[in-house]
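Numbering-wise (my numbering), the sequence shown opens with residue 63 and increments by one.
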Amino acid sequence: MAAVKHLSSLSNRVAIVTGGSSGLGRAVVQAFAAAGAHVVSADLSPKPPVTPILEKRYKETDFHTPTVELANTNWPSNIDGRPRAIFQKCDVTKEADVEATVQQAVKSYGRLDILVNNAGTYSIAIFHGPLVHGRGWCEAKSKRIAPELTTGPVRIHDQEVSVLDRVLSVNVRGTWLGVKHSVKQMLSQQPDVNGIRGRIVNVGSILSRVGAVGSTCYCSSKGSITQLTRAAALEYARDGIPINSVLPGYMESNMVEGLYRDNGEDAITTLIGEMCPVGRVGRAEEVAQAVVYLSGDQASYMTGVELPVDGGFLIR
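Structure (structure tokens):
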């Protein structure tokens, strides 16, 4: 029997993480760097957005430090003077940007082993204003968990089609383009000892599987990502390119920042705690560890998998 591998080793692997400047993407870049990978953080800006509530909640001092700077400071590379991480400006809705990002990874590090399709957006109707998750919102009112949440969500008949276009363009088109151009590069590479040429992890959501009032645009996009993952996994299974997805639940991020701001931290933490079996909001670092797992040798026999990291939300 082969020896058990260290579960967090991505030594000298080359990864692209889209949406790497904030939230889950930022956590994935840090987790990859800690595991020994070289990382291209692709985003519109190298700096994270201002999230004053999250900064106050966690009292961390590096919230405003660019992701790449943080990775290079904490996990400096010792190979040929190449930095642990680099930033690449990328609008994932633009094919030329996505292609250029893959080319930059190869130019800087010689190959591409991992793509994490994390860049995403959402409808204001779901993550701003009073909490809008359909079942949770109703439960909050009936159980008096958060009685101040009395206003209903913005439903489909009150939304502009431009919202749908924007969400689908970033979440679905961006993911599709990422798969397309990363696979092109991976197919040109020789397989490793496990027969793997590269790995792709797409970021879905718990709303890939369940509906939520006020979230038709977001649910449509995240449901599409799970189906895209399944279909692409079938297309490239024999080529040694596993393609899987993670489904994060409610976690501390710039998306949830809007809920905290508009509803109050206590109301939101109480409500999400009641909706989630483990009783709390998740952290991006916890989801990032699942991404590390799917990106490593230990997941070599997994493809087309949807891995929820949701504190048990989907088993209710």
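All C-beta atoms, glycine included, are put in the ideal place defined by N, C-alpha and C.
DSSP three-state assignment for residue i, whether helix, strand or coil
i    : result
N233 : helix
V308 : strand
G344 : strand
K109 : coil
R261 : strand
R271 : coil
V349 : helix
S357 : coil
M364 : coil
V245 : helix
V102 : strand
First and last residue of the uninterrupted alpha helix (DSSP H) at residue i
i    : result
A162 : 157 to 171
A89  : 85 to 96
I334 : 327 to 337
R292 : 278 to 298
Residue i vs residue j beta-carbon contact at 8 Å
i    : j    : result
Q252 : V168 : no
L249 : R259 : yes
N233 : S84  : no
L86  : E157 : no
A95  : R75  : no
T288 : V229 : no
A387 : Q351 : Nothing can be reported for residue 387, as the shown portion of the chain is limited to 63 through 378.
G358 : S73  : no
V178 : I78  : yes
A295 : G366 : yes
H243 : E161 : yes
I302 : G257 : It is Gly, not Ile, that sits at residue 302 in the sequence shown. Yes, the Cβ-Cβ distance between G302 and G257 is below 8 Å.
Residue range of the unbroken beta strand (DSSP E) whose run includes residue i
i    : result
E368 : 368 to 371
N140 : Unbroken run through N140: none, as it is neither H nor E.
Q150 : 147 to 151
N179 : 176 to 179
I78  : 76 to 80
Nearest-angstrom beta carbon gap, residue j and residue i [assumed within contact, 8 Å]
i    : j    : result
V275 : R217 : 7 Å
P110 : R88  : 6 Å
L106 : D153 : 6 Å
V353 : V90  : 5 Å
Cutoff 6 Å; reference residue i; Cβ partners in own chain excluding five residues on either side
i    : result
G373 : G311, C338, V340, G344
K284 : G266, S267, L269, S270
R370 : Checking the displayed sequence, the identity of residue 370 turns out to be Pro instead of Arg. Cβ within range, chain order: L309, L376.
F149 : S103, P108, V130
I330 : L321, Y322
E201 : Low confidence applies here, because E201 scores a pLDDT of 45, under 50, leaving its location unreliable and the question unanswered by this model.
Spatial neighbours of residue i in its chain, beta-carbon cut-off 7 Å, leaving aside the 5 residues before and after
i    : result
P138 : R146
I334 : Y312, V343
L174 : V76, I78, V164, A167, V168, S244, Q247, M248, G260
T127 : none
Residues near residue i by beta carbon distance below 8 Å, same chain, minus five either side
i    : result
M364 : P304, N306, L356
R378 : M337, P339
L290 : V234, T237, W238, V241, N264
G172 : V76
I176 : L72, R75, V76, A77, I78, F94, A99, G260, R261, I262, V263, S357
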